[in-house]
Amino acid sequence: MKSQLFISEPTSLCPFRVEGVHYLPASPCEDGFTLVFFHAMNLHKETYEPLVDLLLERSNNIRDVWCIDNPNHGRSSSLNQTLLETPKYREYWSATEYTRAAYSFLSSPAHGVDFSSRRLVGLAHSSSVAVLMKLIGDSEYSSPSGTRLKFTSLILLDPALLPPEFPSTTVLTKLFGHLAKTKRDKWSDREAAHKYLAAHPGFKTWDPRAIRLFVECALRESGSGSGVVLSCTKAQEVAFYLNPNEDYKERPVQIFHELIQRNELPIHIIVCLNDEFKGQARPSKDFQIEQIKSTTRGSVQILDRGGHMFPQVEPALCADAIHRALASTETRARL
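Numbered according to full-length UniProt numbering, the sequence shown terminates at residue 335, and the numbering increases by one at each position without gaps.
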């Protein structure tokens, strides 16, 4: 596959520069799907590259693939450091910022693509599912004068759709905040970072290519010039999880429920019940599965390994599951 980077400039909606990567199959299907991926917190757009590579080998109904950075993550973080270090953003982040950035990128003339004319499939992992929900359901992204994005289907990878009323949601939120607050975020160089992460319990099960891409793309040179640091700061990640506005909880779940009730848009979820959260994610996963099974257009796939991070741990398994979801969408489109 071929790849190319594009950068959208700030707009009245989004003050950040946003980088996206475009993957093109060796033999694109001209009337096929355009896949748009959104990544989880503390990751980066290239994190999907191993599974995209495998997916393009399996599927012949894909026109192209796009992956978009959260603007305080990955390579985009380096583009936006001056703004990110201001008091407004230094200890703040939200799903809304990523949603605005994604819409800004998809509406930009930088890449020359009219996404409103494409057969879009939205794919999101973990917390970025909130971004995809808001992109579809919030009115500021459906203005008649703006780019109208119409998704053919959604594929949600172990989605963090967390009903606020569930006690487990509070437990998970605090856990994510604690993990973000206590993680290591500085190394002397990328080689040292790779050695540390490859042995870390949270990373050592990842596909080796996924670890290398994290070291390459999720770290940036420190502002002092000594060593490398996480592109998304601990303060911003903690602020996201403990955001009192909870914009990644209530509104995304509400939009998800509305989509289920309308039963018009095929929603496919791929989950691993054997995750790292000691059963605390099970109530929200059972809720998601029950909701999808109440529709006539979606599907549920349960993976037996990989944990919450299965896109990075088991890219081949994830690629197979996405391939099946795309085939289901294609079949229903013909009916």
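Even glycine gets a Cβ: it sits at the ideal position worked out from N, Cα and C.
Quantities reported herein were computed from a predicted structural model and do not represent experimental measurements.
Contact check for His22 against His111 passes: the beta carbons are separated by less than 8 Å.
The beta carbon of Lys285 sits closer than 7 Å to the beta carbons of Val271, Leu273 from its chain, once the five residues preceding and following it are set aside; these are given in chain order. Taking a cut-off of 8 Å for Cβ pairs, the stretch 30-40 and the stretch 57-66 touch, as three or more such pairs fall below it. Taken through DSSP and simplified to helix, strand or coil, Gly177 comes out as helix.
Restricting attention to Pro201, Glu165, Glu191, the CA atom closest to the CA of Leu179 is found in Pro201. The closest CA to that of Glu140, considering only Cys14, Arg119, Val228, is found on Cys14.
Apart from sequence neighbours up to five positions away, the residues of its chain that approach Thr205 with a beta-carbon distance below 7 Å are Val313, ordered along the chain. Straight-line measurement puts the Cα of Glu91 at about 30 Å from the Cα of Ser142. Counting C-beta pairs closer than 8 Å gives fewer than three between the stretch 222-229 and the stretch 247-266, which falls short of the contact rule. Apart from the 5 residues on each side of it in sequence, Leu55 sits with its Cβ closer than 7 Å to the Cβ of Ala319, Ile322, His323 in its chain, given in chain order. Counting C-beta pairs closer than 8 Å gives three or more between the stretch 173-187 and the stretch 235-244, which meets the contact rule. When the five nearest sequence neighbours on each side are left out, the beta carbons in the same chain lying within less than 7 Å of the beta carbon of Ser107 are those of Gly146, Thr147, in order along the chain.
Taking the Cα positions, Pro50 is about 6 Å away from Pro315.
Straight-line measurement puts the Cα of Arg305 at about 24 Å from the Cα of Thr329.
Secondary-structure assignment with DSSP links Ser117 through no beta bridge to anything.
In the DSSP assignment, Asp64 falls within the unbroken beta strand (DSSP E) covering 62-68. Three or more Cβ pairs closer than 8 Å define a contact, and the stretch 154-173 meets that threshold against the stretch 245-259.
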